[in-house]
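Line order of the protein sequences matches chains A and B. Reminder that position 42 of the first sequence reads as 42 in this note's numbering, one-by-one numbering, no gaps. Take any residue in the second sequence, count from 1 to its spot, add 1000: that is its number in this note's numbering. Just so you know, even glycine gets a beta-carbon here, dropped at the ideal spot from N, CA and C. Keep in mind the model is a prediction, meaning the values are calculated, not measured.
Number of protein chains: 2
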Amino acid sequence: MAQHTVTSYDQELESLGRKIAEMGGIAEKMLSDAMDALSGLDVDLAQSVVISDGRLDLLQRDVEAASIMTIARRQPMAVDLREIVAAIRVSGDLERVGDLAKNIAKRAILIAGEQRVPRAVIGLRHMNELAANQLKDVLDAYAERDVERAQAVWTRDAELDALENSIFRDLLTHMMEDPRNISFCTHLLFCSKNIERVGDHTTNIAETVFYLVTGGTMPLDRPKARPGASLAAPVEAQDEP
Amino acid sequence: MAQHTVTSYDQELESLGRKIAEMGGIAEKMLSDAMDALSGLDVDLAQSVVISDGRLDLLQRDVEAASIMTIARRQPMAVDLREIVAAIRVSGDLERVGDLAKNIAKRAILIAGEQRVPRAVIGLRHMNELAANQLKDVLDAYAERDVERAQAVWTRDAELDALENSIFRDLLTHMMEDPRNISFCTHLLFCSKNIERVGDHTTNIAETVFYLVTGGTMPLDRPKARPGASLAAPVEAQDEP
């Protein structure tokens, strides 16, 4: 293979890497902005989250198309091929993280009429911070091809499920105490489910890092509650295997 | 290109098509079984749905790997390349439809303790039948490369959103009438959201059929309610663009 070919191939991989890094930055910001919009009942901020999702969708299609053209042009094998498959998978997960952040932002718009912010939002904020840190960690693990770090993130996903369980019970209690809480607590239930699904995509990315570096699949059971083990978490467990 | 090469290339495409057809059959059965399990509080049937999801995940990884190897080996261009990209996308959507059916099945296991089946399940059944028909239609459109049929399916997705709205209001009323309804009605809320997301994947597949046949993107606005247009539906609108 001529040197300039190798070089331009490396440039294609670098360009994929840059696009995924941009996607990660957008997804992280959407997630924290969506939660700020929800707890601040800030409609403008929520709408800005909805708008930024378009950029994420464009980048994902862009990564997918560029990856496929690179595979067709270069016919990469082994780790080179895994690099590109991983890029397609990670960009897909980040695109869906953006969708979930957008959904939280839309809920924020819907409940903005509420004059008070329910206590349960504090738990949601905490859950969202954990999910955002997990996402940042796994994207660093992806950038550094760090399998141990990816596995650590993957294992910590169980904390998100535990948090969702307690928020679920908290919101249910809230609803039972006063029927006027039912409508907006329902929105918060969906928000916590969205955050838990961000965690599922984070574990997907961790599994992709493992595949990228080793060529295999992560030799652990998913860090999820078992079906029926609790009311809230297990149902979306392995939502995105 | 030698004849035998063309032939074996065609065989690779046929094999992808067969795998996707099998995935479609499994996803459709999981969806109807999950709803039967929910309305019949049938734990065994629900568990069989959870188990069949594993086969769907395997098939999806299989289609993805085979597609990528075909791209690397054949360097297909234009419609041939779109064939394979479409296979990757459709298998991804079907895999997630399976996840959603599995989630409904897990909810069925969780609420199996309830001795009575809430009235709202009738609405859910209706919604699920509509979603299953839409899925069957779009898979036929994919098999026949029928753009008009795909667009018709895509447009009808708005009916699912409308149904989810009415089920959402119905369940909320149920919860407000009697706090003892809150816990299992919450599970049904998540079930209706899962069914609505099946509709999102169906519209994704419709868009993929359009891309496959024309090389372009569907020239219509998504058949979704606008943000804030209702309490329930718009929030997950464009959940999976």
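Taking just the CA atoms, how far does residue j sit from residue i?
{"i": "B:D1036", "j": "A:F168", "result": "26 Å"}
{"i": "A:R73", "j": "B:I1088", "result": "18 Å"}
{"i": "A:R180", "j": "A:T173", "result": "12 Å"}
{"i": "A:R107", "j": "B:E1207", "result": "26 Å"}
{"i": "A:E236", "j": "A:V213", "result": "Note that A:E236 scores a pLDDT of 42, beneath 50, so its modelled location is shaky; the value from the coordinates is reported in the next line. Distance between the alpha carbons of A:E236 and A:V213 is about 28 Å."}
{"i": "B:Q1157", "j": "B:K1136", "result": "First, the amino acid is wrong: residue 1157 of chain B is Asp here, not Gln. Using only the alpha carbons, I get a separation of about 13 Å."}
{"i": "A:L81", "j": "A:L171", "result": "46 Å"}
{"i": "B:Q1011", "j": "B:G1017", "result": "10 Å"}
{"i": "A:E148", "j": "A:Y142", "result": "11 Å"}
{"i": "B:M1218", "j": "A:S91", "result": "22 Å"}
{"i": "A:V121", "j": "A:V209", "result": "32 Å"}
{"i": "B:E1083", "j": "B:A1046", "result": "35 Å"}
{"i": "B:A1112", "j": "B:D1178", "result": "19 Å"}
{"i": "A:L163", "j": "A:G199", "result": "12 Å"}
{"i": "B:R1145", "j": "B:L1139", "result": "9 Å"}
{"i": "B:H1201", "j": "A:S39", "result": "30 Å"}
{"i": "A:E14", "j": "A:L58", "result": "18 Å"}
{"i": "B:A1150", "j": "B:G1215", "result": "14 Å"}
{"i": "A:N165", "j": "B:S1008", "result": "52 Å"}
{"i": "A:V63", "j": "B:E1114", "result": "47 Å"}
{"i": "B:L1041", "j": "B:H1187", "result": "13 Å"}
{"i": "B:R1096", "j": "B:E1022", "result": "15 Å"}
{"i": "B:V1153", "j": "B:T1203", "result": "7 Å"}
{"i": "B:I1109", "j": "B:G1054", "result": "18 Å"}
Please confirm if residue i has its CB atom under 8 Å from at least one CB of chain A.
{"i": "B:Q1151", "result": "no"}
{"i": "B:F1190", "result": "yes"}
{"i": "B:L1081", "result": "yes"}
{"i": "B:T1203", "result": "no"}
{"i": "B:T1208", "result": "no"}
{"i": "B:K1019", "result": "no"}
{"i": "B:I1051", "result": "no"}
{"i": "B:K1193", "result": "yes"}
{"i": "B:I1026", "result": "no"}
{"i": "B:A1131", "result": "no"}
Taking Cβ positions only, does residue i come closer than 8 Å to chain B?
{"i": "A:P219", "result": "no"}
{"i": "A:V85", "result": "yes"}
{"i": "A:A162", "result": "no"}
{"i": "A:A72", "result": "yes"}
{"i": "A:T214", "result": "no"}
{"i": "A:Q75", "result": "yes"}
{"i": "A:T155", "result": "no"}
{"i": "A:I247", "result": "Residue 247 of chain A is absent from the model: chain A starts at 1 and stops at 241."}
{"i": "A:D239", "result": "At A:D239, the pLDDT of 41 sits below 50, so the modelled position is not reliable and the matter cannot be decided from this model."}
Could you check where the alpha helix (DSSP H) with residue i kicks off and where it finishes?
{"i": "B:T1203", "result": "I1182 to T1214"}
{"i": "A:L163", "result": "V147 to E177"}
{"i": "A:Q60", "result": "V43 to R74"}
{"i": "B:G1098", "result": "A1078 to I1111"}
{"i": "A:M127", "result": "A120 to E144"}
Residue j and residue i - do their beta-carbons sit closer together than 8 Å?
{"i": "A:I71", "j": "B:I1068", "result": "yes"}
{"i": "B:D1027", "j": "B:L1130", "result": "Here residue 1027 of chain B is Ala; the residue named in the question, Asp, does not match the sequence. No, Cβ-Cβ distance for B:A1027 and B:L1130 is not below 8 Å."}
{"i": "A:L124", "j": "A:C191", "result": "yes"}
{"i": "A:G25", "j": "A:L56", "result": "no"}
{"i": "B:N1133", "j": "B:N1194", "result": "no"}
{"i": "B:Q1075", "j": "A:Q60", "result": "no"}
{"i": "A:V43", "j": "A:M30", "result": "no"}
{"i": "A:I51", "j": "B:M1175", "result": "no"}
{"i": "A:Y211", "j": "A:A86", "result": "yes"}
{"i": "A:L100", "j": "A:M127", "result": "no"}
{"i": "B:A1105", "j": "B:A1034", "result": "yes"}
Examine the ligand PLP and report whether any of its heavy atoms sits within less than 7 Å of the Cβ of residue i.
{"i": "B:D1053", "result": "In the structure shown, the ligand PLP is absent, as is every other ligand, since no ligand is present at all."}
Contact criterion: CB-CB distance below 8 Å. Does residue i meet it with respect to chain E?
{"i": "B:T1217", "result": "The chain labelled as chain E is not found among the protein chains of the depicted structure, namely A and B."}
Can you list, in chain order, the residues of the stretch 1167–1184 of chain B whose Cβ is nearer than 7 Å to any Cβ on chain A?
L1172, M1175, M1176, P1179, I1182 and S1183
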